[in-house]
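Report on the structure given below.
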Amino acid sequence: MPRLPAPDYPADVKARLAADAEEVIARYPDSRSALLPLLHLVQAEEGHVSRTGIRFCAEQLGLTTAEVTAVSTFYSMYRRRAGGDYQVGVCTNTLCAVMGGDAIFEDLKEHLGVGNGETTEDGAITLEHIECNAACDFAPVVMVNWEFFDNQTPRSARQLVDDLRAGRTVEPTRGAPLCSFKETARILAGFPDGRPGAVAATGGAGPASLAGLRLARGEAPGGTTDHVIAPRTAAPAEEPPGGRPGEQPPPGHPGSHDAPHETSASDEAFPAGPAAEEGE
52 MPRLPAPDYP
62 ADVKARLAAD
72 AEEVIARYPD
82 SRSALLPLLH
92 LVQAEEGHVS
102 RTGIRFCAEQ
112 LGLTTAEVTA
122 VSTFYSMYRR
132 RAGGDYQVGV
142 CTNTLCAVMG
152 GDAIFEDLKE
162 HLGVGNGETT
172 EDGAITLEHI
182 ECNAACDFAP
192 VVMVNWEFFD
202 NQTPRSARQL
212 VDDLRAGRTV
222 EPTRGAPLCS
232 FKETARILAG
242 FPDGRPGAVA
252 ATGGAGPASL
262 AGLRLARGEA
272 PGGTTDHVIA
282 PRTAAPAEEP
292 PGGRPGEQPP
302 PGHPGSHDAP
312 HETSASDEAF
322 PAGPAAEEGE
């Protein structure tokens, strides 16, 4: 049997969401560009993007429910079913996995008694593996409602989820103070975070992330003066080709960009060029 149309929100809820949606849509010259924040808005209402939420977004933007569904299922930040107050994501991509992410994920599955994408019976924790948390220099990394918990171990991750389930205050390693999944979704929809000190809270990149920036600026690794290179945008004319003061490149070894390449275009016996038509 075909599914019945999605039910509508209660009148008071729909009126409140419609006022919020009007504010969101007004930020964009093309209304359909507001779809992503509107999906966060309905997710903030129910904790996931329901069929009712999809219907609401479609009505507000003049889209079909199929178009809204296509977008909501493409991005992993939108839940398609009810979940916990805290979404605990364990990075299992290459570096985090090697550093212990796989062990953390397996340990949490056993400790919480849930599988990937499942929620604990008390409704507190939804556990999932994430492909990359974009914080490789802090590996292995766990995120709770998209806030960072760096340099985790199976033991520290167990303590983290136990504290969350017990209602104890948990502080992210960096970034804003932790809030519930629904509150996070509303912030992602573009509405102000009114919690005291939340906006001022931030976190910087780690030493490993900044190493490349220091090199690009011409700073030496470890703060020494050896092998200092000039920034790419302003290399001094007197910079020695070898990179060290007074150092010259060894004879017969040009730079990689100057070395001859063995290609068909450089082979005199078989010169490359446009193919001639027959008879020419």
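Be aware that the sequence shown starts at 52, since it is given in this note's numbering, and climbs by one per residue. Glycine residues also receive a C-beta, built at the ideal position from the N, C-alpha and C atoms.
At least 3 beta-carbon pairs within less than 8 Å: the segment 100 to 109 vs the segment 56 to 74: A contact exists between the segment 100 to 109 and the segment 56 to 74.
Contact under 8 Å by Cβ, residue 194 with residue 140: yes
Nearest-angstrom Cα separation, counted from residue 119 out to residue 79: 17 Å
Contact check, residue 204 vs residue 257, beta carbons under 8 Å: no
Closest Cα partner of residue 168 within the set 106, 138, 201: 138
Terminal residues of the beta strand (DSSP E) in which residue 140 lies: 137 to 142
8 Å contact criterion, which residue 184 and residue 142 should meet: CB distance rounded: 4 Å
Buried versus exposed, by CB contacts within 10 Å (16 or more), residue 200: buried
C-alpha distance - residue 98 paired with residue 75, whole-angstrom precision: 19 Å
Cα-Cα separation between residue 60 and residue 127, rounded to whole angstroms: Roughly 24 Å separates the two Cα atoms.
Alpha carbon of residue 96 to alpha carbon of residue 209, nearest angstrom: Between residue 96 and residue 209, the C-alpha separation is close to 29 Å.
beta-carbon residue 156 near the ligand ZN non-hydrogen atom, thresh 7 Å: Because no ligand of any kind appears in the structure shown, any question about the ligand ZN cannot be addressed here.
Host alpha helix (DSSP H) of residue 93 (start-end): 86 to 97
Euclidean distance between Cα positions of residue 237 and residue 212: 23 Å
Length of the line joining the Cα atoms of residue 198 and residue 221: 11 Å
Contact under 8 Å by Cβ, residue 174 with residue 214: no
Supposed close pair residue 90, residue 123 - CB separation, criterion 8 Å: 5 Å
Residue 130, buried or exposed, once every other Cβ within 10 Å from all chains shown has been counted against 16: buried
Collapsed DSSP secondary structure at residue 268 in the structure displayed: coil
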